[in-house]
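Notes follow the structure.
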Amino acid sequence: MGRLIEDIHIHAAAEEVFARIEATGTYGEWLPRCFREVDGVDGAFVATLALPLRAEAVRLEPAEVNAAMLHFRASDGGEAFDSLTWHLNTEGPREVHLELQAVYTPAGGFPGAILDVLLLRSYRRQALRDALWRLKYVLEGNTPPSEGDPA
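Numbering of the sequence shown is given in my numbering, commencing with residue 2 and proceeding in unit increments.
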């Protein structure tokens, strides 16, 4: 089992940040293009995560929600992540520390675990980093940079 944790500081009100991450139907507006076929119906998050040599289905549904946390758990057919958890820590009126935790199980048994360590983990981590940076841009009133542009 793999665990990735990424975080970012956002200059926006905590309520605004939470509303944006809870609105899965808007994820397509800011997720990087490695997340394809993005859909958010009834609070679920559905997409395809394109990684080198493979594409993995993202099928997550909300499992726990409170003012400082939004936890998604994998639903049927989800293989990219076992869970995603957003943690918000309000640091001021327009200051939020946002942490994203992803738990996943590498596919393919032992060879898949080796491929994950050697290649896929870094791409999965970069997908999460890019998602956080693009979300930050949107919440701070900017247009996210084009893929490949320096942030």
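Where a beta carbon is used, it is the ideal one built from N, C-alpha and C, also for glycine. Just so you know, these numbers come straight off a predicted model, no measurement behind them.
*glycine 78 to valine 47 span [Cα, whole Å]*: Cα-Cα distance, rounded: 10 Å.
_Closest by C-alpha distance to threonine 49, when choosing among Asn143, Ala128 and Pro145_ = Comparing Cα-Cα distances from threonine 49 to each of Asn143, Ala128 and Pro145, the minimum goes to Ala128.
*Name the residue from Ala64, Glu96, Glu30 and Arg37 whose alpha carbon lies nearest to the alpha carbon of valine 153.*
Here the chain covers residues 2 to 152 and nothing more, so residue 153 does not appear.
*How is glutamate 17 classed by DSSP in three states: helix, strand or coil?*
Secondary structure of glutamate 17 (DSSP, three-state): helix.
*Give me the Cβ distance between tyrosine 105 and aspartate 83, rounded to the nearest whole Å; I'm assuming they're in contact under 8 Å.*
Yes, they are in contact, since the Cβ atoms of tyrosine 105 and aspartate 83 sit about 6 Å apart, within 8 Å.
_If you reduce the DSSP assignment to three classes, tell me which class proline 112 lands in._
Helix, per DSSP.
*How many whole angstroms separate the CB atoms of isoleucine 6 and glutamate 100, which I take to be in contact at a CB cut-off of 8 Å?*
About 6 Å; that satisfies the 8 Å criterion.
*Report the rounded CA-to-CA distance for valine 139 versus isoleucine 9, giving the unit in angstroms.*
Whole-angstrom Cα-Cα distance: 13 Å.
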